[in-house]
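A.B. asks:
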C-alpha cells in the first residue's frame, strides 16, 4: 500500500526509514512532503547519506500508490505498530553488539581471528566460543576441517569409492565459516581469485565457498 519509503534509504530496518513510516504512514501524507520538510526530517534523524532532499523526493514520487480509504487506514495502523517493534529490536541489537564488543576486547584470541579478512565481531565471537581455548582440541588442520564439516567423508568398499558431503558437523561453526567466506570473497582479492577459479572449473557456489573455507581454516 505504501512502498515509497523503501526507495528512500538503504534498508527498511534503518531507524530513519522506520521514523519516516511513523511520521508519514500513508502515501497521501508522503506526497505532501516538501524539499524543506524532507531536509528538516533528515537533519533531525542524523541522515548520513549524500542524497539531497530534492533527490529523495524524486526517488519517492514514482512509488506513491493510491488505495481505498479503509485499506490505507488499516495498513497504516499496522505499519506504525511494526515500526515500533522494529525500532525496539534495533535498540536491543545495538545493546547486544556493544556487549559482544566488550567481551571480544577482553579475549586474548580476538586479534588472531579479526586479523583474517571477512571476519567481523559476530563471526569472531561464534568461532572463538565454538573452538574454545583448549588448543589440544584441534591438534591439526584436518581435525578442525572435520569438526566444521569442510572435510568430505570418503566411503570405500572393494572397488567402490565415494566422496560425500559431511553432514555430521558443528553447524554453528560451519555457518560462521560459510558467512566468513561469503564476506571474504567480496573483500579480499586472494579469496575472490580462488573462488572464481573454482566456479570456472564447474564447482557450484557453496562448494566453491567450502573449498575456500578449507584453505582459510588450514591457515587459522
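Numbering (full-length UniProt numbering), first residue to last: 1 to 220. Note that the Cβ used here is the ideal one computed from N, Cα and C, for glycine as well. Computed from a prediction, not measured in an experiment: that's the story for all the values here.
#1: Report all residues from its chain with a CB closer than 8 Å to the CB of residue 46; omit the five preceding and five following residues, and keep chain order.
#2: Beta-carbon within less than 7 Å of residue 112's beta-carbon, same chain only, minus the 5 sequence neighbours each way: which residues are those?
#3: Are the CB atoms of residue 169 and residue 289 within a distance shorter than 9 Å?
#4: Give every residue of the same chain whose Cβ lies closer than 8 Å to the Cβ of residue 174, excluding the five residues on either side of it in the sequence, and list them in chain order.
#5: For residue 63 and residue 31, I'd like the C-alpha separation in whole angstroms.
#6: Using C-beta distances below 6 Å, list every residue in its chain close to residue 205, excluding the 5 sequence neighbours before and after it, in chain order.
#7: Can you round the beta-carbon distance between residue 8 and residue 59 to whole angstroms, since I take them to be within the 8 Å contact cut?
#8: By how many angstroms is the C-alpha of residue 138 removed from the C-alpha of residue 220?
#9: How is the beta strand (DSSP E) around residue 67 delimited, first residue to last?
#10: Would you report the Cα separation of residue 48 and residue 153, rounded to the nearest angstrom?
#11: Give me the residue from 104, 38, 96 and 76 with the minimum Cα distance to residue 26.
#12: Would residue 36 be called buried (16 or more neighbouring beta carbons within 10 Å of its own) or exposed?
#13: Closer than 8 Å by C-beta to residue 162: which residues in its own chain qualify, once you throw out the five before and the five after it? Chain order, please.
#14: Check each candidate in 20, 14 and 118 and name the one with the smallest Cα separation from residue 4.
#15: How is residue 11 classed by DSSP in three states: helix, strand or coil?
#16: Can you look up residue 114 in the DSSP assignment and give me helix, strand or coil?
C.D. replies: Straight from the coordinates:
#1: Translated into positions along the chain shown, residue 46 becomes position 46. 16.
#2: Start at 1 with the first residue of the chain shown, and residue 112 comes out as number 112. Contacts found: none.
#3: Given that the chain is displayed from residue 1 to residue 220, the structure contains no residue 289 and the question cannot be resolved.
#4: Taking the first residue of the chain shown as 1, we reach residue 174 at position 174. For residue 174, where only same-chain residues beyond five positions count, the Cβ hits under 8 Å are 148, 149 and 150.
#5: Numbered from 1 along the chain shown, position 63 holds the residue referred to as residue 63. Numbered from 1 along the chain shown, position 31 holds the residue referred to as residue 31. Taking the straight line from one Cα to the other gives about 10 Å.
#6: Stepping through the chain shown from its first residue, residue 205 is reached at position 205. Nothing listed; no residue qualifies.
#7: Here the question's residue 8 lines up with position 8 in the chain shown. Here the question's residue 59 lines up with position 59 in the chain shown. With 8 Å as the limit, residue 8 and residue 59 qualify as a contact, their Cβ atoms being about 6 Å apart.
#8: Numbered from its first residue, the chain shown carries residue 220 at position 220. Numbered from its first residue, the chain shown carries residue 138 at position 138. Cα-Cα distance, rounded: 11 Å.
#9: Within the chain shown, numbered from 1, the residue matching residue 67 stands at position 67. Looking at the DSSP string, residue 67 is not in any beta strand (DSSP E), and its letter there is neither H nor E.
#10: Walking along the chain shown from the start, residue 48 turns up at place 48. Walking along the chain shown from the start, residue 153 turns up at place 153. Between residue 48 and residue 153, the C-alpha separation is close to 49 Å.
#11: What you label residue 26 is simply residue 26 of the chain shown in a count that begins at 1. Among 104, 38, 96 and 76, the Cα nearest to that of residue 26 is on 76.
#12: Counting from one through the chain shown, the residue named residue 36 turns up at place 36. That one is exposed.
#13: As a first step, residue 162 is located in the chain shown; it is residue number 162 there, counting from the start. Excluding residues within five positions, the ones whose Cβ falls inside 8 Å are 154, 155 and 156.
#14: Counted from its first residue, the chain shown places residue 4 at position 4. Nearest C-alpha to residue 4: 20.
#15: By one-based count along the chain shown, residue 11 stands at place 11. In this structure, residue 11 counts as coil in the three-state DSSP scheme.
#16: As a first step, residue 114 is located in the chain shown; it is residue number 114 there, counting from the start. The answer is helix: DSSP assigns residue 114 an H, G or I state.
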